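*Asks:* Mind looking over this structure? Questions follow.
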Amino acid sequence: MPDLITITDVREITGLNSLVEERKLKAGIEDAHRAMKKVLGLTGYALVYATPGNFIVLVLLLKPWLAWSAREMAMPEMLAEADRGGIFKKGGQDYTPVSARDYAMLTNAARGRAESRLEDVIHHLINNASTYTWYGINVDGEERINNNTKVAGGISFRRATGQDPYRG
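The sequence shown begins at 775 in the numbering used here and counts up by one.
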């Protein structure tokens, strides 16, 4: 099955430099697809993945979120690389350090953009519940990401499977 986003999509949507090696983005793209499975649920993920042409509007919303998520998740690979001599940061032809502050700023910017695109996806799914009837279906207690469980401000608000979602 083809991925809903490719390395080319990540580069075009996020403005990532074309010289970034594909191998450094691959794990980020895989992680973004795993997150998509948690947002759509197993049923929705299978439907969208198998027939993306039937969900054109949703795919158009998913792509920016997946691209920014992939870029955020690939940041560690883009920053440093393990070699037999240790872990190194490479800048051009030289190995130069990137400050922790700059790295955090870049990662947080990508995370913020990904989270705002995720909100667009979730709002679209909720507002079009008659089209995406599978969105609310939970198969065998699967882990889901929705408005109640998504990350906010660096803190994960996860709830136990037996916990009532009402927080009033």
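The C-beta atom is built at its ideal place from N, Cα and C for all residues, glycine as well. These figures come from a predicted structure and were not determined experimentally.
Per DSSP, what kind of secondary structure is Arg875 in: helix, strand or coil?
*Replies:* If DSSP states are grouped into helix, strand and coil, Arg875 belongs with the helices.
*Asks:* Please report the Cβ distance between Glu796 and Ile781, rounded to the nearest whole angstrom; I am assuming they are in contact, meaning their Cβ atoms lie under 8 Å.
*Replies:* That pair is a contact at about 5 Å.
*Asks:* Closest to Leu790 by CA distance: which of Met810, Glu804, Trp842 and Leu836 is it?
*Replies:* Checking every option, the nearest Cα to that of Leu790 belongs to Trp842.
*Asks:* At what residues does the alpha helix (DSSP H) containing Glu916 begin and finish?
*Replies:* Glu916 -> no alpha helix (DSSP H), and no H or E assigned at all.
*Asks:* Between the Cα of Gly943 and the Cα atoms of Met847, Ser873, Asp805 and Thr825, which residue gives the shortest distance?
*Replies:* Residue numbering for the chain in the displayed model covers 775 to 942; residue 943 lies beyond these limits and cannot be assessed.
*Asks:* So what's Ala883 in DSSP terms, helix, strand or just coil?
*Replies:* The answer is helix: DSSP assigns Ala883 an H, G or I state.
*Asks:* Can you check whether the CB of Pro838 is closer than 7 Å to the CB of Arg891?
*Replies:* Cβ atoms of Arg891 and Pro838: closer than 7 Å.
*Asks:* Hey, Leu816 and Glu889 are a contact pair by Cβ (cut 8 Å); roughly how many whole angstroms apart?
*Replies:* So it is not a contact: roughly 23 Å between Cβ atoms.
*Asks:* Assuming Ile900 and Ala809 form a contact by the criterion Cβ under 8 Å, report the distance between their Cβ atoms to the nearest whole angstrom.
*Replies:* At roughly 18 Å, the Cβ-Cβ gap does not stay under 8 Å, so Ile900 and Ala809 are not in contact.
*Asks:* For Leu834, does the count of other Cβ atoms within 10 angstroms reach 16, so buried, or fall short, so exposed?
*Replies:* The residue is exposed, with fewer than 16 neighbouring Cβ atoms inside 10 Å.
*Asks:* For Gly928, does the count of other Cβ atoms within 10 angstroms reach 16, so buried, or fall short, so exposed?
*Replies:* With a pLDDT of 45 at Gly928, under the threshold of 50, the predicted position of this residue should be treated as unreliable, though the coordinate-derived value follows. When all chains shown are included, Gly928 counts as exposed.
*Asks:* From the DSSP output, in three-state form, read off Arg908 for me.
*Replies:* Note that residue 908 corresponds to Trp in the displayed sequence, not to Arg. Note: Trp908 maps to coil in three-state DSSP.
*Asks:* Alpha carbon to alpha carbon, how far is Thr905 from Gly818?
*Replies:* Between Thr905 and Gly818, the C-alpha separation is close to 11 Å.
*Asks:* Between which two residues does the alpha helix (DSSP H) harbouring Thr788 extend?
*Replies:* That run of the alpha helix (DSSP H) goes Ile781 to Thr788.
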